[in-house]
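Enquirer: Under the working numbering, the first residue of the sequence shown is numbered 17, with each subsequent residue one higher.
Yeah, the Cβ is synthetic: ideal placement off N, Cα and C, and Gly gets one too.
On a predicted model such as this, the values are computed, not experimentally measured, just so you know.
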Amino acid sequence: MRDFLVASGWGDATVTPLPGDASTRRYARLARGGESHMLMDQPQGAETPTAPPDASEVERQALGYNAVARLAGADCARFAAVAEYLRGHGLAAPEIHAADHASGFAILEDLGDALFADVLADGGDELALYQAAAEVLAKIHAQDAPAHLSPDKPLFAYDQTALIAETRLLTEWFLPLALGRVVSGAEDAEHRRLWKAALAQIEGGRRVFVHRDYHAQNLLWLPQRKGVARVGLIDFQDAVAGSAAYDLISLIEDARRDVSPEMAEAATAHYLSAMKAQDMPVNEVAFRREMAVMAAQRNAKIVGIFARLYKRDGKVRYLSLLPRVWTYLERDLSHPALADLRSWYDRVIPKAKRTLPAMETL
17 MRDFLVASGW GDATVTPLPG DASTRRYARL ARGGESHMLM DQPQGAETPT
67 APPDASEVER QALGYNAVAR LAGADCARFA AVAEYLRGHG LAAPEIHAAD
117 HASGFAILED LGDALFADVL ADGGDELALY QAAAEVLAKI HAQDAPAHLS
167 PDKPLFAYDQ TALIAETRLL TEWFLPLALG RVVSGAEDAE HRRLWKAALA
217 QIEGGRRVFV HRDYHAQNLL WLPQRKGVAR VGLIDFQDAV AGSAAYDLIS
267 LIEDARRDVS PEMAEAATAH YLSAMKAQDM PVNEVAFRRE MAVMAAQRNA
317 KIVGIFARLY KRDGKVRYLS LLPRVWTYLE RDLSHPALAD LRSWYDRVIP
367 KAKRTLPAME TL
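1) Give every residue of the same chain whose Cβ lies closer than 7 Å to the Cβ of residue 164, excluding the five residues on either side of it in the sequence, and list them in chain order.
2) My output table needs one value for residue 110: the three-state DSSP class, helix, strand or coil.
3) Counting pairs of Cβ atoms below 8 Å between the segment 77-86 and the segment 43-56, do you hit three or more?
4) Among 246, 341, 230, which has the Cα closest to the Cα of residue 127?
5) Please state the DSSP three-state secondary structure of residue 68.
6) Please report the Cβ distance between residue 125 and residue 113, rounded to the nearest whole angstrom; I am assuming they are in contact, meaning their Cβ atoms lie under 8 Å.
7) Would you be able to state if there are at least three C-beta pairs under 8 Å between the segment 319-338 and the segment 139-156?
8) Grab the span of the alpha helix (DSSP H) containing residue 392 for me, first residue to last.
9) Among residues of its own chain, excluding the 5 on either side of residue 189, which ones have a beta-carbon nearer than 7 Å to its beta-carbon?
10) Tell me the residue span of the beta strand (DSSP E) that contains residue 45.
11) Residue 121 lies in the beta strand (DSSP E); which residues open and close that run?
12) Residues in its own chain within less than 7 Å of residue 29 by CB, not counting five upstream and five downstream?
13) Please state whether DSSP places residue 115 in a helix, a strand or coil.
14) Leaving out five residues on either side along the sequence, give the residues of the same chain with a beta carbon under 6 Å from the beta carbon of residue 24.
15) Just to confirm, is the Cβ distance from residue 77 to residue 183 under 8 Å?
16) Would a C-beta distance cut-off of 8 Å place residue 307 and residue 146 closer than the cut-off?
17) Please say whether residue 207 and residue 360 have beta carbons closer to each other than 8 Å?
18) Buried or exposed, going by whether 16 or more other CB atoms sit within 10 Å of the CB of residue 263?
19) Output yes or no for whether 8 Å exceeds the beta carbon distance between residue 266 and residue 230.
20) Residues in the same chain with beta-carbon distance under 6 Å from residue 130, minus the five sequence neighbours each way, listed in chain order, please.
21) Tell me which residue opens and which closes the beta strand (DSSP E) that residue 164 is part of.
22) Are the CB atoms of residue 303 and residue 261 nearer to each other than 8 Å?
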């Protein structure tokens, strides 16, 4: 890291590490005089590799979860390619000033510390921020997903293989904690079959660029800028080509903060209005069905991820977030398009089992 900083002209900077979260990436702020940049450190080999876009499901399974779920892994160059794509569309992704992709280092534009989550906690205008975030999505969705982010970085399809693999995190990690046993073969097979049927209802639709983790802790408020550039974007390296509903759901069913149904509806209505204003009106009935399916898929995945972070990584704090995610998931499953899945969850993981005993000690 020191060699990289010296080579990049920042060897004399003060390096202040920033708190980490669920990722293997680490960040630090570089300060020198009145200048400030961000150092990204992605440890190489910390995650399993991705797979070529044309790899079969068997080949992806052999490479591991990142390949199956279409995650970027430790690919620093993919982060740079996504940032370039977003900036090329007038969006506020950080400019990259220097990078050593092979070693996993990059020096990024410092977009500040005004995370939406913090601005809102300090009394910020929730409606204004959520509407601005919805406008960013409309801007991104003005064009179809590109095949490539750069000549050698394809934008992977968020396909059924990836989506179903993510839902299975719930049965693999949460179910044993809740029920004290592993999922049975029959339960697992039925769960996968029901998810395939649910996802089949929304297949064939338009594919757009999907940030994949679009929520209040990955958005920065930049009020000194204009229009869509007021929303700073980070943590986008796992971007894929997928449903236009996915990022909107990430925003309005935030695992880390309560978003009221009224605010969720206001953001959704603003998105639909913004799409219409750019001559791309959305079939609202079909879109809301897609929102329900994508919301249930995402929240099932998050239940599994948070259980894994607790059980495998010892990160107890994620247990406190599970009740909120289950509240979202139960609401999502109430949509008629998901009636069969709702029956599966109610039968296999009854509501009384969705609060883990370990939560009571938090």
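Expert: This is what the structure holds:
1) 170, 171
2) coil
3) no
4) 246
5) coil
6) 7 Å
7) no
8) With the chain represented from 17 up to 378, any question about residue 392 goes unanswered, as that position is not in the structure.
9) Within the same chain, residue 189 has close Cβ partners 320, 323, 324, 327.
10) Run containing residue 45: 42-48, per the beta strand (DSSP E) assignment.
11) 121-125
12) 21, 46, 47, 48
13) strand
14) 114, 123
15) When the beta-carbon positions are compared, residue 77 and residue 183 stay at least 8 Å from each other.
16) no
17) yes
18) buried
19) yes
20) 236, 237
21) Counted as a single uninterrupted DSSP element, the beta strand (DSSP E) harbouring residue 164 occupies residues 164-166.
22) Yes, the pair counts as a contact, with Cβ atoms nearer than the cut-off.
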